[in-house]
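Single-structure report; data block below.
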Ligand SMILES: *Cc1c(COP(=O)(O)O)cnc(C)c1O
C-alpha cells in the first residue's frame with residue numbers, strides 16, 4: 004500500500020526543487036492531485052495532508068465522490084474527455100473543466116451551469132503533439148473557441164491544457180511544452196485574463212515547470228499506479 008502522506012510530501016519537495024531550478028516562485032504553481040480511480044478514503048488521506056485541488060476524468064465515478072466528500076473543502080477539476088450527455092453533471096459538480104475542445108460543449112456547459120454557482124473555470128485543451136492524441140484543438144483553432152467562450156456568461160476562460168505524447172527524454176518534453184507556452188503567450192495578447200497553463204503529469208512535470216506550467220496534474224506519483 005502506498006503511503007499517500009509520504010508520497011505527497013516527496014512530490015511537493017520535488018516540485019520545489021523544479022521551481023528552484025527554473026528560478027520560479029512557488030506561488031505561481033498549484034498541484035492538482037489526480038484522483039481518478041481512487042477511493043474517497045484515499046482522497047481523504049490527501050486532504051489530511053493539506054491537499055485541496057483534485058482532478059477527475061470519469062463523470063459518474065467523480066460525481067459519486069463529489070457527493071461523498073461534500074463536507075470537505077475541495078476544489079474539483081474535470082480533466083477527462085467531455086461528452087455532451089455529461090455536461091449537465093460536470094456543470095453542476097465541478098469548479099473547473101480543463102478539457103473543453105468544442106463549441107457545442109462550451110455552450111452546453113454555459114447553459115447548464117447552475118445560477119447559484121460562480122462561473123465555471125475553463126481551460127481549452129490543445130492537441131500539441133498531433134501524431135498521437137486525438138483529443139484537443141489544433142493550435143490554429145484555439146483562438147476561435149476562446150473568442151466564443153469569453154462571450155458565455157457562465158464560463159470563465161482561464162487558459163490552456165495540454166497532454167503531450169508520452170516522452171521520457173526531458174529535452175524532448177521541454178520542446179513540446181515550449182510550443183504550448185508560445186501559444187499561451189500569443190493568446191494572452193488577445194485574452195489577457197488567461198492565467199492558467201495546465202501541463203505536466205507524473206512523468207514530465209519538471210519539464211512543464213521549466214516551461215511555465217501553472218498547474219501540474221499528478222496522479223501516479225501521489226497515489227501509486229492505477230489498476
Ligand atoms: C490521469 C491523468 C493525469 C495524471 O497522470 P499520472 O501519470 O498518473 O500523473 C493527468 N492529466 C490527465 C488529463 C489525466 O487523464
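In this note's numbering, the protein residues as written are 4 to 230.
Think of the CB as a built atom: it goes at the ideal place given N, C-alpha and C, for glycine as much as any other residue.
Computed from a predicted structure; not experimentally measured.
query, result
"So does residue 108 have its beta carbon nearer than 6 Å to some heavy atom of ligand 1?", "no"
"Is any heavy atom of ligand 1 found at a distance shorter than 6 Å from the C-beta of residue 183?", "no"
"Drop a sphere of 10 angstroms on the beta-carbon of residue 202, count the other beta-carbons inside from all chains shown, and report buried for 16 or more, exposed for fewer.", "buried"
"Going along the chain, which unbroken runs of the beta strand (DSSP E) with 3 or more residues stay wholly within the region 111–199?", "123–129, 158–165"
"Hey, is the region 37–54 in contact with the region 88–99, meaning 3+ C-beta pairs nearer than 8 Å?", "no"
"Which value, in whole angstroms, describes the spacing of the CA atoms of residue 8 and residue 48?", "7 Å"
"Sorry if obvious, but does the Cβ on residue 217 come closer than 6 Å to a heavy atom of ligand 2?", "Ligand 2 is not among the ligands present in this structure, which contains only ligand 1."
"Taking all protein chains shown into account, decide if residue 150 is buried (16 or more other Cβ within 10 angstroms of its Cβ) or exposed.", "exposed"
"Would you check if there are 3 or more beta carbon pairs closer than 8 Å linking the region 125–133 to the region 182–201?", "yes"
"Starting from residue 97, trace the beta strand (DSSP E) in both directions and tell me its first and last residue.", "No beta strand (DSSP E) holds residue 97; DSSP gives it neither H nor E."
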